[in-house]
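This note's numbering applies: residue 98 is where the sequence shown begins, and numbers increase by one.
First the structure, in the form of structure tokens, and then the observations on it.
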Amino acid sequence: MDTISLPTAGLVVVTENKLLLAYSKNKKAWYLPGGKIDKGETSLETLQREIYEELNIKLKTERLKYYCHITALAYGELPNIIMEQDCFIYDLSEKIKPNNEIEEVRFFNREMYQLEPAQVPGVLKIFDKLMKDKILL
98 MDTISLPTAG LVVVTENKLL LAYSKNKKAW YLPGGKIDKG ETSLETLQRE
148 IYEELNIKLK TERLKYYCHI TALAYGELPN IIMEQDCFIY DLSEKIKPNN
198 EIEEVRFFNR EMYQLEPAQV PGVLKIFDKL MKDKILL
């Protein structure tokens with residue numbers, strides 16, 4: 098079975114030493130807010146579209162900063178699908194209003210997240226990177 102790449106964009110918001118995650122009604126797991134990159138879109142355009150659809154927030158580009166690229170198994174997909182995610186850090190001040198496929202948003206530290214029933218490989222990788230970079234302690 099050939100490996101299939103799934104390009105995505107994710108929003109990294111850290112407040113009070115915790116990472117913002119969104120609970121997907123469809124996949125029954127906590128993820129970085131964001132989603133799949135549509136054909137012809139940049140990762141930044143995808144992030145702006147997805148965050149508006151999921152959290153009802155119009156991201157201000159001057160407060161968005163490219164952070165890193167994460168490669169991980171795509172949770173809830175076939176085992177040959179690899180998520181390729183461009184992650185952007187954002188200084189969030191807007192009020193979050195989840196809609197569409199998002200049931201809830203919550204801030205987690207790694208220990209809290211690991212108590213959840215579903216562990217998403219990409220989320221664990223971003224926790225590791227944030228801790229390595231001392232953005233999360």
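Glycine included, every Cβ here is placed at the ideal spot set by N, Cα and C.
Please read all numbers here as calculations on a predicted model, not as lab measurements.
Round the Cβ separation of residue i and residue j to the nearest angstrom and send it over; I've been treating them as touching at under 8 Å.
i: residue 124; j: residue 167; result: Contact flag wrong, Cβ pair sits at about 17 Å.
i: residue 172; j: residue 110; result: Incorrect: roughly 20 Å between the Cβ atoms, too far for contact.
i: residue 151; j: residue 199; result: 5 Å
i: residue 118; j: residue 207; result: Contact doesn't hold; Cβ gap of about 11 Å is too wide.
Check each candidate in the options and name the one with the smallest Cα separation from residue i.
i: residue 196; options: 153, 130, 219; result: 153
i: residue 191; options: 207, 208, 176, 157; result: 157
i: residue 144; options: 121, 105, 119; result: 105
i: residue 140; options: 175, 181, 224; result: 181
i: residue 138; options: 130, 225, 194, 183; result: 183
In terms of DSSP beta bridges, what is residue i paired with?
i: residue 132; result: 106
When we look at the beta-carbon of residue i and count the other beta-carbons within 10 Å, is it buried (16 or more) or exposed?
i: residue 121; result: buried
Segment contact, 8 Å Cβ cut-off, at least three pairs: the region 133-144 with the region 202-220:
The count of Cβ pairs closer than 8 Å, one atom from the region 133-144 and one from the region 202-220, stays below three, leaving the stretches out of contact.
The region 156-166 contacting the region 110-122, beta-carbon criterion three pairs below 8 Å:
With the cut-off at 8 Å, the region 156-166 and the region 110-122 do not touch.
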